[in-house]
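To start, the structure itself, in structure tokens.
Protein chains: 2
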Amino acid sequence: MENVIFSPKSIAIVGASQDSEKIASVILKNLLEGGYNGKVFPINPKYEEIQGRQSYPDIISVKESIDLVCIAIPYQFVDTIIDQCIKKKVKSVVIITAGFKETGDEGKALELKIAEKLQIAGIRLLGPNCLGFINNKAKINLSFARQNPGDGNIAFVSQSGAFCTAILDMACESGIGFSHIISLGNKADIHENELMLDLLFDKDVKALALYLEEFADGKEFIALAQKAKKPILLIAPGSSEKAKQAISSHTGSLASSYDTIVAAVKKGNIIMADNSEDLFELIMLINQDAIPDGRKIAIITNAGGPGILATDAVEKENLELTEIGEKTKQKLLKVLPRESNIKDPIDLLGDAKSDRYELAMETVLEEKDVDSIFAILTPQLITDIEGTAQKIVDMSKQTSKPIYACFLGGKDVKAGFRILKHNNQPSFNDIQEGIHLIAKLAKFEENKEKTKVVNCDDYKVRAKHKKEVSEYTNGEEIKILPENLAISLLQEFKIDIPQELVTGSIEEAVDFAAMNFPVAIKATAKDLAHKTDFKGIYLDIRTISEFEEKFVELRENISKITGNPAPEILVQEMIDGKVEFFIGANREGDSKIYEKDGKGFGHLLAIGQGGIYTEVYKDIKHILVPENDEKIKDLFDETKVSMIINGYRGKPVLAKEKILDLITKVEKLLINYPEIISMDINPVMITEKRAVVVDAKFYVKK
Amino acid sequence: MENVIFSPKSIAIVGASQDSEKIASVILKNLLEGGYNGKVFPINPKYEEIQGRQSYPDIISVKESIDLVCIAIPYQFVDTIIDQCIKKKVKSVVIITAGFKETGDEGKALELKIAEKLQIAGIRLLGPNCLGFINNKAKINLSFARQNPGDGNIAFVSQSGAFCTAILDMACESGIGFSHIISLGNKADIHENELMLDLLFDKDVKALALYLEEFADGKEFIALAQKAKKPILLIAPGSSEKAKQAISSHTGSLASSYDTIVAAVKKGNIIMADNSEDLFELIMLINQDAIPDGRKIAIITNAGGPGILATDAVEKENLELTEIGEKTKQKLLKVLPRESNIKDPIDLLGDAKSDRYELAMETVLEEKDVDSIFAILTPQLITDIEGTAQKIVDMSKQTSKPIYACFLGGKDVKAGFRILKHNNQPSFNDIQEGIHLIAKLAKFEENKEKTKVVNCDDYKVRAKHKKEVSEYTNGEEIKILPENLAISLLQEFKIDIPQELVTGSIEEAVDFAAMNFPVAIKATAKDLAHKTDFKGIYLDIRTISEFEEKFVELRENISKITGNPAPEILVQEMIDGKVEFFIGANREGDSKIYEKDGKGFGHLLAIGQGGIYTEVYKDIKHILVPENDEKIKDLFDETKVSMIINGYRGKPVLAKEKILDLITKVEKLLINYPEIISMDINPVMITEKRAVVVDAKFYVKK
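Respectively, the protein sequence lines represent chains A and B. Under my numbering, the first residue of the first sequence carries the number 2, and numbering increases by one thereafter. Under my numbering, the first residue of the second sequence carries the number 2, and numbering increases by one thereafter.
Structure follows, in structure tokens:
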């Protein structure tokens with residue numbers, strides 16, 4: 002942990018007093034009792050001494066240098082203290098006090114003012130509105146947490162102080178320690194990305210747990226996660242509209258769309274926790290080195306019913322039940338009683354004692370296709386609960402593959418859990434929850450190597466239409482790009498669009514049509530704009546005779562309206578798509594997003610079923626631009642419409658490669674025209690040979 | 002509880018011995034220690050006395066009458082004992098012994114032999130291969146369970162003995178009792194339906210919890226559930242293919258399709274539990290009278306983050322966050338500090354003590370639109386954990402609306418849980434799990450009145466084509482009904498099918514076509530069968546001239562093949578459907594299913610998106626035939642394709658009423674032709690005015 006703020010050699014605590022109930026007093030107490038070996042200066046003009054330490058009237062009165070000032074006084078007085086900090090040239094400040102951005106405009110202004118002052122002075126700031134931090138590696142507990150669970154190898158960073166307290170309370174109960182616990186508060190200066198950089202590349206930190214309501218800079222967040230290759234556990238609320246409103250009112254910031262967060266999690270190979278229990282169980286498992294190498298899991302049980310429930314869970318969570326090979330079966334039959342059900346799962350029967358579990362585990366571990374074992378125990382009449390727990394612990398010492406114990410019950414199985422917990426053995430008392438968590442870890446491990454950083458600079462070209470697009474991008478308004486400019490953008494990136502010709506000559510038109518049947522003929526945009534209630538479009542023309550007839554008819558229609566006897570007419574090939582595809586995008590962040598200091602997640606690309614079914618089936622997958630080809634292919638294959646494109650029930654295979662190519666071209670287009678705040682390409686007509694963009698709308702904004 | 006087997010006045014235990022480890026000895030011990038006040042006869046020729054009771058060499062030697070014989074000796078000896086039971090004219094038998102149907106064909110034959118003997122003698126049987134039963138209402142513990150959690154008002158019936166032991170162990174830990182605990186074993190005689198009848202209509206039983214791997218008679222099971230109006234909790238494994246295989250190997254029976262079970266649960270308003278933890282928590286909640294009247298839930302919290310997570314969960318689980326009215330807001334503002342976040346959820350802030358919780362609960366309960374309160378607590382610095390728990394308990398006494406406490410944490414919140422548990426207050430330590438369970442209970446309550454018994458006899462008519470269909474229904478083979486018979490069945494139930502005419506006369510054909518454009522013309526089935534490589538079908542004919550031309554062409558094609566100069570030709574209207582719909586069915590049970598003694602679930606109807614997207618989007622809902630109109634409408638509205646049919650994005654509304662009508666007609670068709678084992682109506686073309694069955698295939702089997 003490099004960051005100076007978390008390893009200060011001297012700390013002043015503003016607001017500490019002889020009233021032990023005051024937050025600053027609790028922080029001082031926690032710091033002193035935690036064994037901090039730097040200098041500590043309580044600051045309070047009212048007292049000479051606080052908790053056995055000399056108290057100072059203000060920061061300036063401290064003669065020695067101060068590395069960190071912790072402020073826990075009412076918000077009205079914080080600004081004055083900040084001025085003193087700057088004068089005293091302290092290195093960093095932690096503001097515990099609430100009453101800033103989270104309370105509305107006035108608080109926001111005050112927070113901004115303080116943050117700017119500190120930035121100019123080169124002083125780092127944690128908070129405001131936070132619980133403080135605990136750095137167990139340096140024996141610093143600068144927080145008003147009720148308790149400190151002690152040192153460990155997992156770091157925990159939370160935007161919610163209350164969430165910290167809940168996790169700490171769980172940790173104290175379970176005897177799990179943390180290397181660092183950092184409450185971010187309003188993130189006026191230090192935010193999650195800086196801490197990720199500090200913590201994820203710290204050799205003492207095995208994993209990072211995060212609770213985040215909004216992201217300081219999504220693009221950087223993902224890049225850090227991609228580089229880290231260490232487990233990052235994340236709780237990010239906001240899947241519902243109401244929750245998003247609550248986040249805004251609670252943090253004073255706009256929440257990202259949940260789709261964006263889900264895509265970010267996927268891109269960064271982050272492990273999403275569903276809730277605090279989930280997060281805590283995952284922390285425990287990582288702490289127990291219980292990440293399996295893959296998804297092949299063997300189930301051993303002393304009861305059929307629970308074995309079946311586990312089998313359902315394995316399928317639901319996309320793990321794979323190990324298929325016990327014939328050789329292993331024979332081996333098991335030799336050592337287990339004849340009646341045992343040597344199948345998948347392996348049922349040791351209700352009278353199994355610990356020896357049967359031992360034999361089964363030993364034999365199954367010899368199988369090649371086993372990444373972990375899930376050993377279920379129900380407390381039957383002669384079940385040896387403690388003995389089996391001990392055998393699981395012993396067996397675990399002889400293998401690097403995790404053995405998860407799942408003991409079902411309450412009173413009697415407690416004795417087993419005592420042994421398992423004491424030996425730091427991964428254990429559950431709920432089948433589905435256990436399998437659910439194992440699946441998350443297996444997926445993380447599996448995707449670790451697939452996760453590659455894609456640099457958006459590699460996608461940048463000398464954009465041809467920059468100037469024209471810029472013209473539409475000014476002010477606060479969202480504008481739509483005119484059709485011809487939209488087409489120019491598509492053409493610039495060699496995106497397949499329907500062939501077309503604008504001509505006044507019927508001979509030229511016929512020649513073109515003959516090459517491209519079926520075709521449509523339309524009045525040009527200019528003429529169409531003239532008046533709306535004339536027939537200006539003829540679709541699906543398939544023969545030259547029909548074409549000539551309709552061409553003449555349309556020319557007459559236009560002439561009547563415009564007075565022009567020989568108007569130009571648009572002839573367009575019609576694409577007989579077998580499937581309609583959809584590509585949409587929304588930008589999160591401003592139009593500087595792909596520049597060095599741009600903040601936000603960038604463009605969220607949506608791909609999937611097009612046409613009228615787009616919103617009905619919501620068969621859409623999301624990609625945060627840019628993404629590598631392998632991942633794009635995987636995501637495409639996750640859409641259901643890909644079933645049809647990949648050749649459905651004897652129907653021909655459609656142009657999948659062309660779609661993948663189109664997606665990459667669209668990514669390029671967006672990165673080079675980040676002015677596009679929103680995009681709607683629907684439909685893309687998919688034939689056996691082409692993926693043709695028939696309609697594309699681009700909306701731009703700064 | 003009416004059933005004689007569960008309230009015997011005298012019990013013989015075959016296999017009890019002086020070896021206290023023997024299962025029969027454990028059963029004897031449990032029975033005696035449980036305070037059973039009937040007569041008890043240990044049966045074992047080796048001893049004079051067992052556990053202080055006189056032992057008898059065999060059943061016959063007992064002079065007094067015996068109500069129940071419990072058998073726990075190796076399976077080879079069971080048959081002999083059964084003969085003695087018959088001779089002694091005992092009323093009932095419980096066979097604990099395993100080694101029957103679950104082990105294969107030999108065991109199955111033995112089980113059948115014993116069950117038949119007993120049936121003829123009029124002796125009831127529980128088991129074999131079971132744990133026994135506990136009837137706490139009559140102080141009978143005739144089981145080899147490790148422990149008995151004591152009396153309560155919830156009954157528990159399980160097909161898995163091990164599952165019993167796990168639930169009992171949980172119950173002992175939590176101090177929850179059960180009225181009855183019955184281990185069904187192989188269900189050779191007594192099965193779940195008989196027990197449902199006994200238990201669900203017993204005034205001492207508030208709810209029934211079930212673990213079932215397969216159903217003795219699905220139709221009756223649903224009917225009982227529909228009548229009961231009491232909560233039925235069900236765990237039914239088998240959602241995965243592998244689990245289904247495991248069930249077969251474990252129970253020796255075929256598992257129902259999971260879709261069938263899900264439809265049954267819906268039809269019977271049964272509460273499906275995901276796993277043992279879930280089941281147990283639901284038992285606790287029902288025991289605590291914590292079923293809410295509806296889905297409107299108010300959230301009170303002392304921390305923003307967890308409040309947001311709860312908001313997400315409420316939306317995900319289809320509950321509704323209570324909207325706090327302006328009046329209530331003003332009231333809350335008067336009693337709570339200014340900074341409190343009086344929104345949805347209500348954030349009492351981190352320094353909330355128990356008084357704030359009290360005021361908030363009191364005020365919120367005055368709102369009309371509140372069915373329950375979810376009170377979240379995180380252990381912050383000055384949080385009064387125990388005081389808040391006590392206030393929640395006190396407030397609950399003043400209202401019939403459930404107040405759910407959700408205390409997050411581990412060590413410190415324990416003191417709060419002690420108070421909550423001691424007062425039987427519904428409480429959770431996980432937001433999502435809590436909301437998930439509350440949602441299940443709210444849904445049960447909401448559907449209670451909607452659940453009506455639909456009698457399949459009301460659907461029966463004098464089926465016209467019974468004889469023809471029967472001709473195809475013989476032997477073990479599945480046969481497809483020929484097209485003309487299929488059409489006859491559709492016509493019998495006045496199902497809309499395309500208009501058609503078979504004629505040799507071009508004049509007649511033109512007249513028909515003119516009324517029904519667009520049309521198709523086809524060679525008749527007889528002629529088409531002749532040879533496959535001639536053009537025998539012309540589609541989408543829209544004008545008379547085109548019709549005449551194609552008619553002549555087709556006539557010539559046919560003549561060339563058949564030599565018949567004036568063949569008959571099929572003219573068929575083509576339906577320009579805006580949406581393709583699908584109705585399929587599978588029968589579970591044999592063709593006697595709708596008769597009095599028919600066993601099985603009957604026909605599972607599948608409705609949803611038709612055409613090529615049927616299997617891609619699996620937009621299918623299931624109905625167990627027959628179902629009432631309201632439920633069919635609800636299920637239809639749950640399909641996604643209903644969005645389009647109900648008028649999508651300005652598109653016209655399609656003939657929804659015609660689809661609902663069609664579904665009912667199909668139900669009728671299936672009930673009257675239960676020979677249909679499988680049906681595939683795809684597509685049903687939906688226009689603005691019609692729902693037309695374009696293709697229907699019926700497969701029949703006995």
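The beta-carbon is built from N, C-alpha and C at its ideal position, and this holds for glycine as well. Remember, predicted model here, so these are calculated numbers, not experimental data.
Within chain B, the residues that residue i reaches when beta carbons sit closer than 8 Å
| i | result |
| --- | --- |
| A/G612 | Within 8 Å Cβ-Cβ: nothing; A/G612 doesn't reach chain B, min ~11 Å. |
| A/K317 | S240 and S241 |
| A/Q381 | R147, G162, A163 and T166 |
For residue j and residue i, believed in contact at Cβ under 8 Å, the rounded distance
| i | j | result |
| --- | --- | --- |
| B/S428 | B/K392 | About 13 Å separates the two Cβ atoms, so there is no contact after all. |
| B/A99 | B/N136 | The pair is not a contact, with the Cβ atoms about 22 Å apart (cut-off 8 Å). |
| A/G585 | A/M680 | 6 Å |
| B/I309 | B/V365 | Rounded, the Cβ-Cβ distance is 18 Å, inconsistent with contact. |
Beta-ladder partner(s) of residue i, from DSSP
| i | result |
| --- | --- |
| B/I135 | B/N142 and B/I182 |
| A/P150 | None, per the DSSP bridge assignment. |
| A/A156 | A/H181 and A/L209 |
| A/N587 | A/L605 and A/S679 |
| A/K297 | A/E321 |
| B/L69 | B/I12 and B/S93 |
| A/R54 | A/I51 |
| A/T302 | A/D348 and A/I377 |
| B/C407 | B/I377 and B/F429 |
| B/F582 | B/Q610 and B/V685 |
Beta-carbon proximity check, residue i vs residue j, cutoff 8 Å
| i | j | result |
| --- | --- | --- |
| A/G361 | A/L378 | Before going on, a small fix: residue 361 of chain A reads as Ala here, not Gly. No, the pair does not count as a contact, with Cβ atoms beyond the cut-off. |
| A/I621 | A/I608 | yes |
| A/Q85 | A/D59 | yes |
| B/K109 | B/K102 | yes |
| B/I298 | B/E321 | yes |
| A/T474 | A/V701 | yes |
| A/L32 | A/L143 | yes |
| B/I383 | B/D413 | no |
| B/G16 | B/I83 | no |
| A/L198 | A/L225 | yes |
| B/G39 | B/K64 | no |
| B/A122 | B/A189 | no |
| A/F164 | A/F7 | no |
Chain-order list of residues whose beta-carbon lies under 7 Å from that of residue i (same chain, five-residue window excluded)
| i | result |
| --- | --- |
| B/P653 | E689 |
Residues near residue i by beta carbon distance below 6 Å, same chain, minus five either side
| i | result |
| --- | --- |
| A/A172 | P150 |
| A/G239 | K245, I248, A256 and Y259 |
Within chain A, partners of residue i - CB distance below 7 Å
| i | result |
| --- | --- |
| B/K422 | The contacting residues do not exist; B/K422 stays about 13 Å from chain A at best. |
Residue i: contacting residues in chain B (beta-carbon distance under 7 Å)
| i | result |
| --- | --- |
| A/S175 | G411 |
| A/K30 | What A/K30 touches in chain B: nothing, since even the nearest Cβ is about 12 Å away. |
Within chain A, the residues that residue i reaches when beta carbons sit closer than 9 Å
| i | result |
| --- | --- |
| B/I704 | Residue coverage of chain B in this structure runs from 2 to 703, which leaves residue 704 of chain B outside it and unanswerable. |
Residues near residue i in its chain [Cβ-Cβ closer than 8 Å; skip 5 each side]
| i | result |
| --- | --- |
| A/I24 | G16, A73, I97 and F145 |
| B/F1 | Absent from the model: residue 1 of chain B. The displayed extent of chain B is 2 to 703, so no value can be given. |
Chain A residues whose Cβ lies nearer than 8 Å to that of residue i
| i | result |
| --- | --- |
| B/V642 | V617 |
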